[in-house]
Amino acid sequence: MAEQQYLMGKNIGISWRNMEAQQLTFVVTQECNLACKYCYMHGKNTENRMSLETAKAAVDYFIDDIHNFFNTSHVIIDFIGGEPLLEIDLIEQITDYFKLRMYQKKSKWFGQYRIMIGTNGVLYNDEKVQKFIRKNSNMVSIGMTIDGTKEKHDLQRVFPDNSGSYDIVKKNIELLLKQYPESITKVTIGHEDLPYLKESIVHLWDMGLHEVPANVVFEDVWKEGDVQIFEEQLIALADYIIANKLWNKVNCSLFQENIGFHLSENDLMHSICGTGKIFTVDANGDIYSCVRFMDYSLTNKKAICFGNVWEGIDSEKTRPFNALVTKYLSPQKCIDCMINSDCAYCAGYNYDISCNDTLFDRALYICEMHKARVRANRYYWARLYNEHGIQRLGYRKPENFLYFMLAENSISFCNYRTKANSSEIMTPELLIDGLEYAYQNFYFPIFIHSENTEAMIKEWSSGNEALNLALNKSIIKHIVPFKVNTMYSRENLIIVYDGDNFLFSKDNLSDTYDTAILTVSNASISNLAYQVELLLEFFNRVHINLILENKSFDKDGYDKQLKYMSEIIIKIFGKTGRLKEINKLTDRIYLKKMNNCFVGEKNMTLGVDGKLYLCPAFYYSNSSVGDMNKAPEEYIVNQSLLKNAPLCSACDAYQCNRCIASNKDFTGEYNIPPKIQCELAHIERENSRILLDSLKLNYDILHECSIKHVDYTDPLDLFNNHVTICRL
Numbered sequence: 004m005a006e007q008q009y010l011m012g013k014n015i016g017i018s019w020r021n022m023e024a025q026q027l028t029f030v031v032t033q034e035c036n037l038a039c040k041y042c043y044m045h046g047k048n049t050e051n052r053m054s055l056e057t058a059k060a061a062v063d064y065f066i067d068d069i070h071n072f073f074n075t076s077h078v079i080i081d082f083i084g085g086e087p088l089l090e091i092d093l094i095e096q097i098t099d100y101f102k103l104r105m106y107q108k109k110s111k112w113f114g115q116y117r118i119m120i121g122t123n124g125v126l127y128n129d130e131k132v133q134k135f136i137r138k139n140s141n142m143v144s145i146g147m148t149i150d151g152t153k154e155k156h157d158l159q160r161v162f163p164d165n166s167g168s169y170d171i172v173k174k175n176i177e178l179l180l181k182q183y184p185e186s187i188t189k190v191t192i193g194h195e196d197l198p199y200l201k202e203s204i205v206h207l208w209d210m211g212l213h214e215v216p217a218n219v220v221f222e223d224v225w226k227e228g229d230v231q232i233f234e235e236q237l238i239a240l241a242d243y244i245i246a247n248k249l250w251n252k253v254n255c256s257l258f259q260e261n262i263g264f265h266l267s268e269n270d271l272m273h274s275i276c277g278t279g280k281i282f283t284v285d286a287n288g289d290i291y292s293c294v295r296f297m298d299y300s301l302t303n304k305k306a307i308c309f310g311n312v313w314e315g316i317d318s319e320k321t322r323p324f325n326a327l328v329t330k331y332l333s334p335q336k337c338i339d340c341m342i343n344s345d346c347a348y349c350a351g352y353n354y355d356i357s358c359n360d361t362l363f364d365r366a367l368y369i370c371e372m373h374k375a376r377v378r379a380n381r382y383y384w385a386r387l388y389n390e391h392g393i394q395r396l397g398y399r400k401p402e403n404f405l406y407f408m409l410a411e412n413s414i415s416f417c418n419y420r421t422k423a424n425s426s427e428i429m430t431p432e433l434l435i436d437g438l439e440y441a442y443q444n445f446y447f448p449i450f451i452h453s454e455n456t457e458a459m460i461k462e463w464s465s466g467n468e469a470l471n472l473a474l475n476k477s478i479i480k481h482i483v484p485f486k487v488n489t490m491y492s493r494e495n496l497i498i499v500y501d502g503d504n505f506l507f508s509k510d511n512l513s514d515t516y517d518t519a520i521l522t523v524s525n526a527s528i529s530n531l532a533y534q535v536e537l538l539l540e541f542f543n544r545v546h547i548n549l550i551l552e553n554k555s556f557d558k559d560g561y562d563k564q565l566k567y568m569s570e571i572i573i574k575i576f577g578k579t580g581r582l583k584e585i586n587k588l589t590d591r592i593y594l595k596k597m598n599n600c601f602v603g604e605k606n607m608t609l610g611v612d613g614k615l616y617l618c619p620a621f622y623y624s625n626s627s628v629g630d631m632n633k634a635p636e637e638y639i640v641n642q643s644l645l646k647n648a649p650l651c652s653a654c655d656a657y658q659c660n661r662c663i664a665s666n667k668d669f670t671g672e673y674n675i676p677p678k679i680q681c682e683l684a685h686i687e688r689e690n691s692r693i694l695l696d697s698l699k700l701n702y703d704i705l706h707e708c709s710i711k712h713v714d715y716t717d718p719l720d721l722f723n724n725h726v727t728i729c730r731l
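Given below as structure tokens:
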């Protein structure tokens, strides 16, 4: 097998031409020769068999396309049941007629089609089936289901007399793999067979099924303890993959590159499946979105039919399905969920159990199972990265962090001063507990180091299996003071320079790094640009952190330094063609909304005392929100959330730090910033606007970006202009 032929979690189960092909599904029979216990088709029967006359009418309707419903250049002709191979003669007649009509009508689909059959595999070695396979060998794709080991498979996939089907299906899988070596099988996981998950996936890989799409059932079947079993099975599978170096040799959809992140607004506007784009025709010639909206798949609701093959599709009936995207069928908690990516659902099942008789009502029975899968994925991808340096190709920038104050004298990376002379440190036991809390609650850990903590952790982890396991369950970022000759990789490293005592040395920098934080107060503002220029030789981005200690700040001096830094950016771009980043200048060029302080909402800090704080600044002001005995959402301070910030919501200085710690210190409110903070943010905004104009004028870049001129420096003035004061 060629190296890199497979990559765990990458594009598994993508159908031919993916979304480029129109899928047309024929339910040729509702009869089945198995009685699978988890089957959603509760109304299977022997009566509803499609006639050739109805099938031909469907083919004519699809190919004639007089209403222009089917405008793709490729088509998938899909056959399902019940068990479709019970009607192999009819399937052959339909495909022959489809091919004939495509040729006669000079259809765009002629030669651009695939035949798909989803089967339980029992009849695959039948001579009629094999004849059909030989006749259409280059155009047919068989989806045959085997659930894993004999024990797991025979728990669910049984004949009407309750005898198992594994032995028959296994032989036919072997035949299928001889004919189509790249075949895949879909595994469904229910309550009863959870304990067999790991060994079943491995069993299928050993059989030669190298790609295995798998999912838990959406129905309300889950019992107490299932979440733990599911997670344990996935972690055991992850350990097996890594121990045997299989990550580029096999694939299973239970591990996904994009799982466990927060969906963007754009992502929320997509559907989880092809509902609304697939058209399914039944034995009566009626047309549906998919089989889950037909009578024999529903237990509580009436079928939703679009029309029929003689009178056509009622486009009004299709409109709800075309709008059936994640955002509008999910409750707010699903939209806000920090790990909602790759959390699946079934539109048909949502409809069937809806109390409101609507498509737009999402079932949440797999919520805890999804969380377990996310945790196991983070474990898998962290081990793969920490031990082999392999990172997810689809990796997204994390949004939720738990900061670990490893010592009371850890380096300051934001708007606060540390206790430089303190010897208080975090204990190894607390470190383990904190890492477990981060793992269980989907935070990415960030260690805030002092000059001594790296050696401290190295010493602790020597022979400490519990600590090593905790460290390897996450990809950890490290914030270190500039004097540290660190062992951490540059991808996970943020170096902090104390601008008030700047002693820049090239000795501990051997390459280009991503980000440096430069912390400065009013006392050192006069040489800010000089310090930034030195750092930009080794860093792609310099994040300037202004410490506001009182109401006086050299605003004019700061304005001059920003202008000098703009010249530095332009000079570097002119020489290298690379636009280096300085947060106070370049962030506003790209940002379309506030993207700054989310402490308490997305981020939290674990102090050396074992208590949780909104951020390190609140540790030094002795303002904890609690300990690790509660879920993070219970510690959210609503008054600190961006959506509850009246002045910041009215302002478009999107690069502003919006430091709620300094807000609380200066004004007494989390969400009301001091005047000096707003004025400095608008000095930055104006210099960003001037820099952008200069880059556009002198270089052919950033034409899609814009910053308008404004005539205010304090958003309170803007806010007051839009508020009507009602007097009694």
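Numbering (our numbering), first residue to last: 4 to 731.
Ideal Cβ placement from N, Cα and C applies to all residues, glycine included.
**Study point:** Closest by C-alpha distance to N690, when choosing among F282, S426, S569, A423
**Key:** S569
Review point. If you pair each beta-carbon of the region 75-90 with each one of the region 122-134, do three or more pairs fall below 8 Å?
Key: yes
Practice item. Measuring alpha carbon to alpha carbon, tell me which of L582, R295, R381 ends up nearest F264. Key: R381
Exercise for review: Identify whether M607 lies in helix, strand or coil by the three-state DSSP scheme.
Suggested key: strand
Practice item. Taking I451 as part of the beta strand (DSSP E), name the residues at either end of that continuous run. Key: 447-451
Point to revise | Contiguous beta strand (DSSP E) assignments of at least 3 residues, all confined to the region 210-253 | key: 217-219
Exercise for review: Let me know the secondary structure DSSP gives L405 once reduced to three states.
Suggested key: strand
Exercise for review: Tell me, to the nearest whole angstrom, how far the beta carbon of I482 is from that of I497; I am working on the premise that it is less than 8 Å.
Suggested key: 5 Å
Review point. Is it the case that the Cβ atoms of N418 and L549 are separated by a distance below 9 Å?
Key: yes
**Study point:** Exposure label - D1; buried when at least 16 CB within 10 Å
**Key:** No information on residue 1 is available, as it lies outside the stretch 4 to 731 that the chain covers here.
Point to revise | alpha helix (DSSP H) segment containing T283, residue limits | key: Note, T283: premise wrong, no alpha helix (DSSP H); beta strand (DSSP E) at 282-284.
Check your understanding: Under a Cβ-count criterion, where at least 16 other Cβ atoms within 10 Å of its own Cβ denotes burial, should V490 be classed as buried or exposed?
Key -> First, the amino acid is wrong: residue 490 is Met here, not Val. Its Cβ having fewer than 16 others within 10 Å, M490 is exposed.
Check your understanding: Which residues in the same chain have their Cβ closer than 8 Å to the Cβ of L207, if we skip the five residues on either side of it in sequence?
Key -> I149, G151, T188, V190, V215
**Study point:** For F233 and L197, believed in contact at Cβ under 8 Å, the rounded distance
**Key:** 6 Å
Practice item. Give the DSSP bridge partners of K480, in chain order. Key: I449
Review point. So does N123 have its beta carbon nearer than 8 Å to some heavy atom of the ligand GDP?
Key: In terms of ligand content, the structure shown is empty, and the ligand GDP therefore cannot be addressed.
Review point. Under a three-way DSSP split, which group does C255 fall into?
Key: strand
Check your understanding: Hey, A441 and L472 are a contact pair by Cβ (cut 8 Å); roughly how many whole angstroms apart?
Key -> At roughly 14 Å, the Cβ-Cβ gap does not stay under 8 Å, so A441 and L472 are not in contact.
Check your understanding: Among residues of its own chain, excluding the 5 on either side of A532, which ones have a beta-carbon nearer than 7 Å to its beta-carbon?
Key -> Q564, Y567, M568, I571
Exercise for review: Keeping to the same chain, check which residues put their C-beta closer than 6 Å to that of S203; ignore five residues upstream and five downstream.
Suggested key: G151, T152, K155
Practice item. Kindly provide the ranges of any alpha helix (DSSP H) runs that are 4 or more residues long and lie completely inside the region 81-164, ordered along the chain. Key: 91-107, 130-138, 153-159
Check your understanding: Short check: CB of N525 to CB of D557, under 9 Å?
Key -> yes
**Study point:** Counted within 10 angstroms of its Cβ, other Cβ atoms place N553 as buried (16 or more) or exposed
**Key:** exposed
Exercise for review: Starting from the C-beta of N647, find all residues in its chain whose C-beta is less than 8 Å away, skip the five residues before and the five after it, and write them out in chain order.
Suggested key: N641, N674
Practice item. Go ahead and pull the three-state DSSP assignment for G315. Key: strand
Practice item. Confirm, please, whether the CB-CB distance from L200 to L158 is below 9 Å. Key: no
Practice item. Could I get the ranges of all uninterrupted alpha helix (DSSP H) runs contained in the region 287-349, with 4 residues as the minimum, in chain order? Key: 318-325, 329-332, 335-339
Review point. Which residue from C42, D289, L27, P323 puts its Cα closest to that of I316?
Key: D289
Point to revise | DSSP three-state assignment for T49, whether helix, strand or coil | key: coil
**Study point:** Cβ distance (whole Å) where M147 is taken to contact N175 below 8 Å
**Key:** 7 Å
Review point. Are the region 708-725 and the region 595-604 touching, with three or more C-beta to C-beta distances below 8 Å?
Key: no
Exercise for review: Find out if the Cβ-Cβ distance for the pair I573, I547 is shorter than 9 Å.
Suggested key: no
Exercise for review: Leaving aside the five residues before and after G193 along the sequence, list all residues of the same chain whose C-beta is less than 7 Å from its C-beta, in chain order.
Suggested key: Y41, Q159, V220, V224
**Study point:** For F542, the three-state DSSP class (helix, strand or coil)
**Key:** strand
Exercise for review: Report, in whole angstroms, the separation of the C-beta atoms of Y100 and L179, which I expect to be a contact under 8 Å.
Suggested key: Contact doesn't hold; Cβ gap of about 26 Å is too wide.
Practice item. At 4 residues or longer, and completely inside the region 510-579: list those alpha helix (DSSP H) runs for me, N to C. Key: 531-538, 558-579
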